[in-house]
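The structure under discussion appears below in the form of structure tokens.
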């Protein structure tokens with residue numbers, strides 16, 4: 434089942450260090466099957482407010498995503514991002530192609 438590394442970056446310092454990070458991150462992904470699915474851009478807001486940039490990288494599974502994040506290649510460039518933005522980064526399981534929203538009803542309790 435796919436998993437995603439999601440990053441929400443705010444207060445991004447768009448200087449040389451972020452440029453270096455962007456130039457180097459692509460090479461860290463192939464060994465783990467990672468592919469960018471969302472990489473910044475201005476969202477078309479339908480509800481609420483948004484600030485910052487969103488990044489979503491798809492991996493074959495959560496283990497691959499975790500291995501990428503903890504890899505020496507990614508750790509080498511991580512500080513270029515963390516020292517130049519406020520970030521929230523997390524891993525989350527994706528859905529299979531045949532997933533239905535009603536499937537969650539089996540797992541949650543309603544009052």
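Numbering (the numbering used here), first residue to last: 434 to 544. Glycine included, every Cβ here is placed at the ideal spot set by N, Cα and C. Computed from a predicted structure; not experimentally measured.
### Query
Which whole-angstrom value is the C-beta distance of residue 438 and residue 522, which I expect to be below 8 Å?
With a beta-carbon spacing of about 7 Å, residue 438 and residue 522 fall inside the 8 Å limit used to define contacts.
### Task
Using the Cα positions of residue 506 and residue 492, report the straight-line distance between them to the nearest angstrom.
One C-alpha to the other measures close to 16 Å.
### Task
List the residues that DSSP assigns as beta-bridge partners of residue 465.
DSSP, once it has assigned bridges, lists no residue as partnering residue 465.
#### Entry: Extent of the continuous beta strand (DSSP E) to which residue 443 belongs
Per DSSP, residue 443 belongs to the beta strand (DSSP E) from 436-443.
### Query
Between the stretch 529-537 and the stretch 443-462, are three or more C-beta pairs nearer than 8 Å?
Per the Cβ contact rule, the stretch 529-537 is not in contact with the stretch 443-462 (fewer than 3 Cβ pairs under 8 Å).
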